[in-house]
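Below is one structure; the comments refer to it alone.
4 protein chains.
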Amino acid sequence: MSKYQDIRQSAYEANMELPKLGLVLFTFGNVSAADREQGVFAIKPSGVPYADLSPENMVIVDFDGNTVEGNMRPSSDTKTHAVLYKHWEKIGGIVHTHSTYATSWAQAQRDIPIYGTTHADHNTVDIPCAPPMSDEMIQGNYEYQTGFQIMDYLRDKGMSYEEVEMVLVGNHAPFTWGKTAAKAVYNSAVLEEVARMAFLTEQIRPDAPRLQDSLIKKHYERKHGPDSYYGQ
Amino acid sequence: MSKYQDIRQSAYEANMELPKLGLVLFTFGNVSAADREQGVFAIKPSGVPYADLSPENMVIVDFDGNTVEGNMRPSSDTKTHAVLYKHWEKIGGIVHTHSTYATSWAQAQRDIPIYGTTHADHNTVDIPCAPPMSDEMIQGNYEYQTGFQIMDYLRDKGMSYEEVEMVLVGNHAPFTWGKTAAKAVYNSAVLEEVARMAFLTEQIRPDAPRLQDSLIKKHYERKHGPDSYYGQ
Amino acid sequence: MSKYQDIRQSAYEANMELPKLGLVLFTFGNVSAADREQGVFAIKPSGVPYADLSPENMVIVDFDGNTVEGNMRPSSDTKTHAVLYKHWEKIGGIVHTHSTYATSWAQAQRDIPIYGTTHADHNTVDIPCAPPMSDEMIQGNYEYQTGFQIMDYLRDKGMSYEEVEMVLVGNHAPFTWGKTAAKAVYNSAVLEEVARMAFLTEQIRPDAPRLQDSLIKKHYERKHGPDSYYGQ
Amino acid sequence: MSKYQDIRQSAYEANMELPKLGLVLFTFGNVSAADREQGVFAIKPSGVPYADLSPENMVIVDFDGNTVEGNMRPSSDTKTHAVLYKHWEKIGGIVHTHSTYATSWAQAQRDIPIYGTTHADHNTVDIPCAPPMSDEMIQGNYEYQTGFQIMDYLRDKGMSYEEVEMVLVGNHAPFTWGKTAAKAVYNSAVLEEVARMAFLTEQIRPDAPRLQDSLIKKHYERKHGPDSYYGQ
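The listed protein sequences correspond, in order, to chains E, C, L and W.
The UniProt record's numbering puts the first residue of the first sequence at 1, with every later residue one more than the last.
The UniProt record's numbering puts the first residue of the second sequence at 1, with every later residue one more than the last.
The UniProt record's numbering puts the first residue of the third sequence at 1, with every later residue one more than the last.
The UniProt record's numbering puts the first residue of the fourth sequence at 1, with every later residue one more than the last.
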């Protein structure tokens with residue numbers, strides 16, 4: 001049995017959640033799960049339909065993007081995952097999808113405004129949309145640079161990756177992360193629903209105001225604060 | 001067997017309807033069922049996925065919000081339920097969801113206009129959206145105050161909780177109620193569909209007129225009046 | 001065995017298609033099937049969930065709206081069905097739903113413009129939306145008058161019920177019909193999809209032009225003309 | 001066994017994917033699969049529900065549209081398929097649907113702008129919408145002329161059918177193609193999702209900019225270029 005069996009299993013199960021949650025069409029998404037002690041992560045093989053996935057065909061990759069174990073090519077977004085794992089030492093899972101509503105906000109190159117408590121239960125800020133990458137970054141090591149684009153934008157905005165676990169990449173699509181692959185998948189589903197509600201809110205009322213600060217604080221703290229008690 | 005077995009069963013069954021009706025993502029909702037004689041209600045435990053619910057893990061709480069029976073923490077919205085049960089003596093069930101369309105109207109802080117008979121079959125008025133709560137209410141006993149915000153707004157509008165069994169809380173999400181938990185769930189599904197149709201109606205015709213009074217009266221009475229005969 | 005067994009079976013099967021096609025929430029719809037020789041129709045009982053329907057609990061009603069056989073109350077819309085059967089001698093089935101998109105157009109009180117061949121494959125005209133009924137009609141024999149509202153509007157528009165098998169009633173919802181109950185259900189599903197596409201077309205291009213006459217004629221004739229060959 | 005068994009099977013399987021992918025209502029779509037050596041294609045029989053399809057009831061037709069084998073009438077769109085196979089020698093499958101979002105763009109008579117990488121992964125250009133056909137073409141051999149309308153428009157735009165495997169026909173609906181019937185079905189599903197996202201993108205930001213050239217090039221090449229490595 002592989003010494004990476006745990007993350008093979010976690011990555012497999014998390015990938016299988018994506019179609020169940022309606023977050024992917026065909027193979028338009030991928031999840032990885034990291035093993036910090038061994039310095040590697042398991043990720044979906046490239047181009048394989050979800051129905052054909054198994055713990056055994058997950059690919060094991062190190063934090064520089066080199067394949068360590070596995071016969072298949074890892075997801076084409078592997079370098080983005082690797083960069084984020086390397087620099088964000090407390091995350092254990094990453095998800096990339098092209099989910100419909102979140103991707104549409106990314107295409108519109110807009111942060112998703114915080115319009116209600118569904119959003120505030122998970123984030124105290126507008127969900128950041130990193131600008132499209134420069135021509136230079138795109139023509140270079142593209143997927144590698146995508147990771148830096150994400151990290152740089154969060155840093156510029158003064159956001160911590162431990163507090164804000166989701167981002168849109170302008171013109172592209174969302175990435176989410178978390179302490180585990182399962183949590184990162186949860187974040188992808190929350191992001192999609194928040195993106196959908198924000199779209200509808202603006203349709204119903206184009207000048208809808210952002211959420212008041214006290215409510216942002218209250219909802220976030222009841223879920224994430226030292227005295228958290230949220231769960232619904 | 002618990003002397004609260006009936007409401008454990010009712011609350012369990014009603015909670016299980018929420019995902020079937022597409023009204024919740026993950027654990028974003030909760031249903032309670034009250035036993036008026038014993039002065040308690042059964043409510044969903046906090047943060048437990050719907051697939052893991054059972055009559056046995058419902059939590060029994062009194063109308064002041066104190067847990068009476070059960071090992072798990074009750075839903076984080078329990079105090080809102082308690083306040084409403086305490087003051088509205090004829091209701092037997094309450095539902096809170098973050099259903100997509102109703103929540104988007106709440107985020108837009110707008111009453112849902114009565115545009116057609118689907119709405120009028122259930123309510124003779126625009127579905128009320130209570131304003132976002134004041135900073136003071138939010139920073140205090142938040143969930144408890146949410147109940148008062150709902151009750152105060154209905155009173156200000158001159159609406160009876162026996163006639164209007166649904167409300168939006170501005171920036172937050174919908175609450176519905178009824179004589180039973182099952183009826184409250186029914187109301188949540190109706191509200192979501194009415195919210196969706198009102199959104200579409202305004203997209204198709206931004207100046208769509210409200211329903212004429214005679215039709216409001218007719219549809220409501222054929223379902224709820226002394227000579228009601230509605231059922232479709 | 002009932003001498004109305006055939007229409008009991010047809011009405012039952014056609015009613016059961018409504019939830020499968022996503023056209024009803026709870027009991028918000030009903031289908032009837034007529035037996036022209038015996039001068040009666042079978043219709044859904046009022047307020048009974050679809051899961052509890054059977055051929056046996058369909059209610060047999062004559063074309064004046066009197067119950068002929070059955071222990072349950074017929075659908076609250078029975079008189080509308082009866083009036084249409086009485087005056088439109090070639091129809092064998094009627095459907096009433098509150099399907100989301102068609103109902104939203106009815107709430108907007110707009111005819112659905114013919115924007116493409118999906119529409120033209122079934123109708124050569126904009127789908128008519130009868131105006132909301134007068135206060136007098138509503139306060140009188142409402143469901144009975146609904147039938148006349150539909151018939152009068154088609155006559156005013158110079159449309160034949162044999163060619164146009166669907167209508168919206170302003171502020172209310174759609175009715176469809178056909179030679180059989182199954183065809184009427186088919187028409188309800190087509191109407192819902194056409195209504196959805198027309199909504200989207202106007203969102204994508206607010207000044208979208210109606211379909212050119214030659215294309216309307218071609219598509220309709222290849223499906224309905226003397227040399228019809230359509231089927232996809 | 002038929003000497004066309006392979007394409008019967010391919011066409012059958014590809015047709016069965018359409019309802020699974022949510023691309024058709026009733027029989028509003030059809031797939032064909034070509035055998036280049038024998039100069040024929042297998043196509044869905046006209047008007048047959050998907051549930052009743054089998055490899056055996058696919059109809060075998062030559063590239064002039066003549067039925068070669070089969071007892072049923074081929075799809076009413078058969079001549080369009082025939083013309084495209086005859087002139088585009090490298091395609092092996094064609095799909096026609098009335099999928100909701102793609103058809104709505106066709107009704108709006110607009111090309112679908114390239115707003116993001118989901119689009120760029122499959123096409124480097126806006127998805128072309130051929131103008132509605134002239135009255136003369138419609139009144140003549142309509143389905144045959146539809147094929148020419150598609151080919152002429154691609155030629156006018158300087159697009160190769162080997163690179164752009166999808167088109168909208170104004171006021172009508174989409175056609176897609178590919179080296180196999182399965183690939184053509186894949187393209188139909190991608191087109192529908194891209195059409196949906198483009199609609200949402202414009203709702204979220206009416207002046208959303210088209211994708212920058214470097215990103216179009218990068219995403220397309222990583223999937224289709226000589227050094228392609230895409231798969232997600």
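Using N, Cα and C, we set each Cβ at its ideal position, and we do this for glycine too.
Computed from a prediction, not measured in an experiment: that's the story for all the values here.
Item to complete: Kindly confirm or deny that the region 19-26 of chain L and the region 78-87 of chain L touch, where touching means at least three C-beta pairs closer than 8 Å.
Response: Result no; under three Cβ-Cβ pairs closer than 8 Å.
Discussion item. Can you look up Asn15 of chain L in the DSSP assignment and give me helix, strand or coil?
Written reply: Three-state DSSP puts Asn15 of chain L in a helix.
Item to complete: Spell out the partners DSSP gives Gly29 of chain W in its beta bridges.
Response: Answer is W:Thr97, bridged to Gly29 of chain W.
Worksheet item: Roughly how many angstroms lie between the CA atoms of Ser167 of chain L and Ala195 of chain L, to the nearest whole one?
Response: A small fix is needed here, since residue 167 of chain L is Val in this sequence, not Ser. Counting only the Cα atoms, Ala195 of chain L lies some 12 Å from Val167 of chain L.
Worksheet item: Hey, Ala11 of chain E and Gly92 of chain E are a contact pair by Cβ (cut 8 Å); roughly how many whole angstroms apart?
Response: With 8 Å as the limit, Ala11 of chain E and Gly92 of chain E do not qualify as a contact, their Cβ atoms being about 11 Å apart.
Fill in: C-beta atoms of His219 of chain W and Ala120 of chain W nearer than 8 Å
Contact check for His219 of chain W against Ala120 of chain W passes: the beta carbons are separated by less than 8 Å.
Worksheet entry | Contact with chain C by Lys218 of chain E, beta-carbon distance below 8 Å | Interface residue, yes.
Practice prompt. State whether the region 94-112 of chain W contacts the region 115-135 of chain L, with contact taken as three or more CB pairs (one from each stretch) at a distance under 8 Å.
Written response: In short, these stretches touch, since the Cβ pair count reaches three.
Worksheet item: Which whole-angstrom value describes the C-beta separation of Val61 of chain C and Val48 of chain C, a residue pair presumed to lie in contact below a C-beta threshold of 8 Å?
Response: Rounded, the Cβ-Cβ distance is 15 Å, inconsistent with contact.
Worksheet item: Which residues, in order along the region 33-53 of chain E, keep a beta-carbon less than 8 Å from a beta-carbon of chain C?
Response: Under the 8 Å Cβ criterion, the region 33-53 of chain E contributes no residue.
Practice prompt. Report the three-state DSSP secondary structure of Asp35 of chain L (helix, strand or coil).
Written response: Residue state, collapsed to three classes: strand.
Item to complete: Return the residue from the list W:Gln212, W:Asp111, W:Tyr115 and W:Gly116 that minimises the CA-CA distance to Ile131 of chain W.
Response: Note that residue 131 of chain W is Pro in the sequence shown here, rather than Ile. The shortest Cα separation from Pro131 of chain W among W:Gln212, W:Asp111, W:Tyr115 and W:Gly116 belongs to W:Asp111.
Item to complete: Please check the pair Val31 of chain W and Ala184 of chain W, which I expect to be a contact at CB under 8 Å, by giving their CB distance rounded to whole angstroms.
Response: Confirmed, about 7 Å.
Worksheet item: When you compare only the Cα positions, how much space is there between Met159 of chain E and Ala198 of chain L?
Response: Cα-Cα distance, rounded: 43 Å.
Discussion item. Counting beta carbon pairs with one atom in the region 135-143 of chain W and one in the region 66-80 of chain W, are three or more of them shorter than 8 Å?
Written reply: The region 66-80 of chain W, when compared against the region 135-143 of chain W, does touch it at the 8 Å Cβ threshold.
Worksheet entry | Three-state secondary structure assigned by DSSP to Gly178 of chain W | Under the three-state reduction of DSSP output, Gly178 of chain W falls in the strand class.
Worksheet item: Taking just the CA atoms, how far does Phe63 of chain E sit from Leu200 of chain C?
Response: Cα to Cα, the separation comes out at about 48 Å.
Item to complete: Flag Glu56 of chain W as yes if its beta-carbon sits less than 8 Å from any beta-carbon of chain E, otherwise no.
Response: Contact with chain E is absent for Glu56 of chain W, since none of that chain's Cβ atoms lies less than 8 Å from the residue's Cβ.
Discussion item. So within the region 132-160 of chain W, which uninterrupted alpha helix (DSSP H) runs reach at least 4 residues, ignoring any that extend past its ends?
Written reply: Runs of the alpha helix (DSSP H) inside the region 132-160 of chain W: 135-139 and 142-156.
Fill in: Counterpart residues of Asp62 of chain E in DSSP-defined beta bridges
The partner list for Asp62 of chain E (beta bridge, DSSP) reads E:Val40.
Discussion item. Beta carbons nearer than 7 Å to chain W: which residues of the region 118-148 of chain E have them?
Written reply: Listed in sequence order: Pro132, Asp135, Ile138, Gln139 and Tyr142.
Worksheet entry | Distance between Trp105 of chain W and Trp105 of chain E (C-alpha atoms, nearest Å) | Across the structure, Trp105 of chain E and Trp105 of chain W are spaced so that their CA atoms are roughly 20 Å apart.
Worksheet item: Once you ignore the five residues that flank Arg210 of chain L on each side, which residues in its own chain have a CB closer than 6 Å to its CB?
Response: Sequence-distant partners of Arg210 of chain L (beyond 5 residues in either direction) whose C-beta falls short of 6 Å from its own C-beta, in its chain, are Pro113 and Ile114.
Practice prompt. Mind checking which residues open and close the alpha helix (DSSP H) that includes Val83 of chain C?
Written response: From DSSP, the alpha helix (DSSP H) with Val83 of chain C extends over Thr78 to His87.
Worksheet item: Exposed or buried, what is Glu56 of chain E when buried is set at 16 or more other beta-carbons lying within 10 Å of its beta-carbon?
Response: Under this definition Glu56 of chain E is an exposed residue.
Worksheet item: Is the distance from the Cβ of Gln139 of chain C to the Cβ of Ser214 of chain E below 8 Å?
Response: Their beta carbons are under 8 Å apart, which means Gln139 of chain C touches Ser214 of chain E by this criterion.
Fill in: C-beta neighbour in chain L for Ile204 of chain C, strict 8 Å
Answer yes: the Cβ-Cβ gap between Ile204 of chain C and chain L drops below 8 Å somewhere.
Worksheet item: Taking the alpha carbon of Gly22 of chain W as the point to measure from, which residue in W:Pro128, W:Glu193 and W:Lys217 has its own alpha carbon closest?
Response: Of W:Pro128, W:Glu193 and W:Lys217, the residue nearest in Cα terms is W:Glu193.
Worksheet item: Taking 8 Å as the CB-CB cut-off, is Phe26 of chain E touching chain W?
Response: Output row for Phe26 of chain E: interface = yes.
Worksheet item: Alpha carbon to alpha carbon, how far is Ile7 of chain W from Ala102 of chain W?
Response: Distance between the alpha carbons of Ile7 of chain W and Ala102 of chain W is about 27 Å.
Worksheet item: Closest Cβ-Cβ distance between residue 233 of chain C and chain L: below 8 Å?
Response: Residue 233 of chain C lies beyond the range of chain C shown here (1 to 232); nothing can be said about it.
Worksheet item: Sorted by chain position, which residues of the same chain lie with C-beta nearer than 8 Å to Gly116 of chain L's C-beta, five sequence neighbours on each side aside?
Response: Counting only residues of its own chain and dropping the five nearest sequence neighbours on each side, Gly116 of chain L has a CB closer than 8 Å to the CB of Met197, Thr201 and Leu211.
Worksheet entry | Residue closest to Gly65 of chain W, alpha-carbon to alpha-carbon, out of W:Ile43, W:Asp52 and W:Met151 | Ranking the options by Cα distance to Gly65 of chain W, first place goes to W:Ile43.
Item to complete: Determine, using beta carbons only, whether Asn15 of chain W comes closer than 8 Å to chain L.
Response: It does not; no Cβ of chain L falls within 8 Å.
Discussion item. Below 8 Å on C-beta distance, what does Asn171 of chain C contact in chain E?
Written reply: Chain E residues near Asn171 of chain C: Tyr115, Gly116, Thr117, Leu211, Gln212 and Leu215.
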